[in-house]
Amino acid sequence: MKNERSNFYSAELPLDALTIDREGGESLQRQIYLALRSLILRRVLQPGLKLPSTRELAKVIDVSRNTIVAAYDQLSTEGYVETRQGASTYIVDLPPPLEAKEPQAENRSPGISKTGKLLVGSQIMSFDPQNCALRPSTPDVASFPFKTWNRLQSNRLRRQGAELFNYNFHGGLPALQAAISNYLQAYRGVRCEPDQIIITSGAQSALDLLSRLLLDPGDRVWMEDPGYVNAAVLFAAAGADIKPLPVSEKGWDLEDVPDGPIRLIYSTPSCQQPLGLTMLMEQRLRLLDIAYRKNAWIIEDDFDSEYRISGKAVPAMQGHDVQNRTIYVGTFAKTLFPAIRIGFMVIPRELSVEVSRAMLYSGHHVSLPLQATLADFIGDGHFARHLRRTRRLYSERRDYFLDLCRDRLGDWLEPICANVGIQIAFQFRQEICDVDFVRHATPRRLNLMALSRFFRSEPPRHGLLMGYAANDERSTQKYVAELSDLIGGYSPANAGKRPQQKSVS
Ligand SMILES: Cc1ncc(COP(=O)(O)O)c(C=O)c1O
0 MKNERSNFYS AELPLDALTI DREGGESLQR QIYLALRSLI LRRVLQPGLK
50 LPSTRELAKV IDVSRNTIVA AYDQLSTEGY VETRQGASTY IVDLPPPLEA
100 KEPQAENRSP GISKTGKLLV GSQIMSFDPQ NCALRPSTPD VASFPFKTWN
150 RLQSNRLRRQ GAELFNYNFH GGLPALQAAI SNYLQAYRGV RCEPDQIIIT
200 SGAQSALDLL SRLLLDPGDR VWMEDPGYVN AAVLFAAAGA DIKPLPVSEK
250 GWDLEDVPDG PIRLIYSTPS CQQPLGLTML MEQRLRLLDI AYRKNAWIIE
300 DDFDSEYRIS GKAVPAMQGH DVQNRTIYVG TFAKTLFPAI RIGFMVIPRE
350 LSVEVSRAML YSGHHVSLPL QATLADFIGD GHFARHLRRT RRLYSERRDY
400 FLDLCRDRLG DWLEPICANV GIQIAFQFRQ EICDVDFVRH ATPRRLNLMA
450 LSRFFRSEPP RHGLLMGYAA NDERSTQKYV AELSDLIGGY SPANAGKRPQ
500 QKSVS
């Protein structure tokens with residue numbers, strides 16, 4: 000800063016306040032802009048005051064004129080000064096500074112909407128992010144071929160033209176749509192063409208979009224009970240009237256169809272969430288028939304059917320739907336890894352235009368470079384190879400886990416069905432409240448999930464939902480031993496009477 004001062008400026012523009020550090024990291028232009036802005040905001044420089052010309056100020060503080068021009072330009076762009084009468088710059092008359100207040104009844108924020116409250120009002124299950132332990136539905140991330148993936152990704156990024164880097168293909172990258180369509184036709188018995196595949200940010204975002212697109216407040220949804228809590232939350236937030244479709248080891252109870260219209264049926268027929276059961280053909284055909292009679296949509300959520308222990312994969316219900324009422328939803332969260340956030344839905348042609356537009360507005364679409372990498376991963380055979388490898392691995396791990404559970408936990412827990420999927424639901428043999436038990440177990444960070452949370456009707460069944468796929472023999476031994484210690488010390492003395500609680504959703 001120049002030390003000599005012009006009388007003219009010192010009267011109105013306090014140059015002391017324009018201290019600049021010529022050695023510092025911040026540019027001179029930014030320092031001058033910040034200093035002037037501060038003087039304006041503190042009203043040291045009064046509204047209407049004419050600033051010195053850029054030439055004059057540059058001379059006084061000994062910087063280049065361009066530096067002052069740039070600082071003035073920034074102040075003008077942000078609305079602190081304005082240029083009037085040719086080239087003169089004046090301070091703008093800003094409203095008085097806004098007052099910050101402690102939140103009180105009268106100045107509380109508008110808060111969230113009623114729909115928002117329905118959406119966030121449910122209890123969130125929290126898991127330890129550092130440690131999978133027995134967390135349900137968790138694949139073995141260590142088996143994922145990251146080297147191959149990285150190679151495919153960098154190849155794609157290197158040779159790709161503009162199409163992957165622009166606002167294109169909000170319904171999905173055609174190459175990935177084709178790859179998924181081929182896979183679904185060949186291995187899941189789904190009837191589809193590539194353009195019916197909509198790529199979403201996980202299956203959850205497909206469910207979110209569908210619940211907003213298909214449901215009005217008061218519409219009836221018939222959904223499995225027990226059933227997928229995160230789907231129920233979305234349907235409830237859309238204002239739906241949710242009716243239970245009971246599921247047990249006896250199958251899906253399709254006798255008690257709700258009276259009146261049903262707008263949407265939600266089901267996980269190939270791997271029931273959470274019980275792991277598979278819907279038999281007779282029930283699939285009956286469910287489709289009910290949907291036709293009630294003029295309802297069906298969401299078939301096929302989230303975890305690739306890992307079937309005995310027998311071949313059961314083809315999707317969608318393949319038997321001759322009236323195109325089924326929207327098939329799938330995900331790569333279990334076959335690759337959850338954080339990849341790629342899922343998809345197969346939509347009936349009748350909904351093509353609406354779903355495609357809704358995708359644009361919802362912003363649920365997935366990064367195109369990521370989609371391109373996945374398309375190559377499937378197209379080059381790596382997906383099929385990874386599935387074969389993990390099927391073998393998970394089958395061994397499941398057997399080991401079940402044997403250990405039988406040995407160490409058999410007095411307390413009994414598996415409900417362990418045929419399909421990468422999690423197993425167990426039922427308590429004693430009167431133990433699972434929510435209390437899971438709370439009691441929290442410090443051990445085993446990531447257990449209470450079975451009763453999936454039930455909407457009373458009384459819920461109590462037990463634990465546990466994953467096994469991410470654990471080798473040593474970790475399985477460790478976690479099962481910890482659980483056995485916990486249950487041994489807990490039951491039956493601490494078990495108490497099981498409350499007739501309402502499940503969360
Ligand atoms: C039944 C069911 N549907 C959908 C999802 C969500 O899948 P994504 O992780 O792809 O959103 C899950 C997650 O476990 C699930 O259990």
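Residue 0 is where the sequence shown starts when you use numbering that gives the first Met the number 0, and the numbers rise one by one after that. Glycine residues also receive a C-beta, built at the ideal position from the N, C-alpha and C atoms. Small disclaimer: the values here were computed from a predicted structure and weren't measured.
Where residue i falls, given that 16 or more other Cβ within 10 Å makes a residue buried
{"i": "Val321", "result": "exposed"}
{"i": "Leu284", "result": "exposed"}
{"i": "Arg41", "result": "exposed"}
{"i": "Ala417", "result": "buried"}
{"i": "Thr441", "result": "exposed"}
{"i": "Met280", "result": "exposed"}
{"i": "Arg405", "result": "exposed"}
{"i": "Lys100", "result": "exposed"}
{"i": "Ile111", "result": "exposed"}
{"i": "Thr505", "result": "Residue 505 lies beyond the residue range present for the chain, which begins at 0 and ends at 504; the question has no answer from this structure."}
{"i": "Lys496", "result": "The predicted model places Lys496 with a pLDDT of 49, which falls under 50 and marks its position as unreliable, so this point remains unresolved."}
{"i": "Asp303", "result": "buried"}
{"i": "Leu276", "result": "buried"}
{"i": "Ser87", "result": "exposed"}
{"i": "Gly171", "result": "buried"}
{"i": "Asn446", "result": "buried"}
{"i": "Leu175", "result": "buried"}
{"i": "Ile123", "result": "exposed"}
{"i": "Phe7", "result": "Any reading at Phe7 must be qualified, since the residue scores a pLDDT of 41, below 50, and its modelled position is unreliable; the value itself is stated next. That one is exposed."}
{"i": "Leu403", "result": "buried"}
{"i": "Leu274", "result": "buried"}
{"i": "Tyr327", "result": "buried"}
{"i": "Leu113", "result": "Residue identity check: residue 113 is Lys in the sequence provided, not Leu. Exposed."}
{"i": "Asp61", "result": "exposed"}
{"i": "Thr330", "result": "buried"}
{"i": "Gln129", "result": "exposed"}
Cβ neighbours of residue i in the same chain (closer than 6 angstroms, five flanking residues each side left out)
{"i": "Ala230", "result": "Leu206 and Tyr265"}
{"i": "Arg64", "result": "Thr53, Arg54 and Ala57"}
{"i": "Pro216", "result": "Gly238"}
{"i": "Leu50", "result": "Thr88"}
{"i": "Cys270", "result": "Asp303, Ser304, Val419 and Gly420"}
{"i": "Gln500", "result": "Note that Gln500 has pLDDT 43, beneath the 50 cutoff, so the model's placement of it is unreliable and the number below is only indicative. Answer for Gln500: no residue qualifies."}
{"i": "His363", "result": "Thr199, Ser200, Ser204 and Leu208"}
Beta bridge counterpart(s) of residue i as assigned by DSSP
{"i": "Ser266", "result": "Glu299"}
{"i": "Ser247", "result": "Gly250"}
{"i": "Val80", "result": "Ile90"}
{"i": "Pro414", "result": "Phe425"}
{"i": "Arg219", "result": "Asp240"}
{"i": "Ile196", "result": "Val345"}
{"i": "Val419", "result": "Arg307"}
{"i": "Ala507", "result": "The structure shown has nothing for residue 507, since the chain only spans 0 to 504."}
{"i": "Ala99", "result": "DSSP lists no partner for Ala99."}
{"i": "Met465", "result": "Ile423"}
{"i": "Met358", "result": "BP columns for Met358 are empty, so no partner."}
{"i": "Met448", "result": "Leu464"}
{"i": "Asp224", "result": "Pro245"}
Contact set for residue i: own chain, Cβ-Cβ below 8 angstroms, skip 5 residues either direction
{"i": "Asp471", "result": "Arg396"}
{"i": "Pro368", "result": "Gln152, Arg155, Leu156, Gln159, Leu163 and Phe164"}
{"i": "Ser309", "result": "Asn418"}
{"i": "Phe143", "result": "Leu335, Phe336 and His385"}
{"i": "Phe234", "result": "Ser210, Leu214, Val220, Met222, Ile241, Leu263 and Tyr265"}
{"i": "Ser108", "result": "Pro102"}
Beta-carbon contacts of residue i that lie in its chain and below 7 angstroms, excluding the five residues immediately before and after
{"i": "Arg83", "result": "Tyr89"}
{"i": "Trp148", "result": "Thr372 and Phe376"}
{"i": "Tyr393", "result": "Tyr306, Ile421 and Ala468"}
{"i": "Gln282", "result": "Gly250, Trp251 and Leu253"}
{"i": "Ala290", "result": "Ile264, Ile297 and Arg324"}
{"i": "Pro135", "result": "Gln422, Met448, Leu464, Met465 and Gly466"}
{"i": "Arg4", "result": "The predicted position of Arg4 is uncertain, since its pLDDT is 36 and thus under 50; a value taken from the coordinates is nonetheless stated next. Only Leu14 meet the Cβ criterion."}
{"i": "Phe427", "result": "Trp411, Leu412, Asp433, His461 and Gly462"}
{"i": "Ile196", "result": "Gly171, Gln176, Ile179, Ser180, Phe343 and Val345"}
Min CB distance residue i to chain D below 7 angstroms
{"i": "Ala161", "result": "As a matter of chain content, chain D is missing from the structure shown, which is built from one protein chain."}
In chain order, what residues have a CB nearer than 5 angstroms to some heavy atom of ligand 1? Ser136, Gly201, Ala202, Gln203, Tyr227, Gln272, Asp300, Phe302, Thr330, Ala332 and Gly342
Unbroken beta strand (DSSP E) runs of length 3 or more, entirely within the region 273-349: which are they? 296-300, 325-330 and 342-345
Enumerated in chain order, which unbroken segments of the alpha helix (DSSP H) with a length of 4 residues or greater are wholly contained in the region 6-73? 6-11, 27-40 and 53-60
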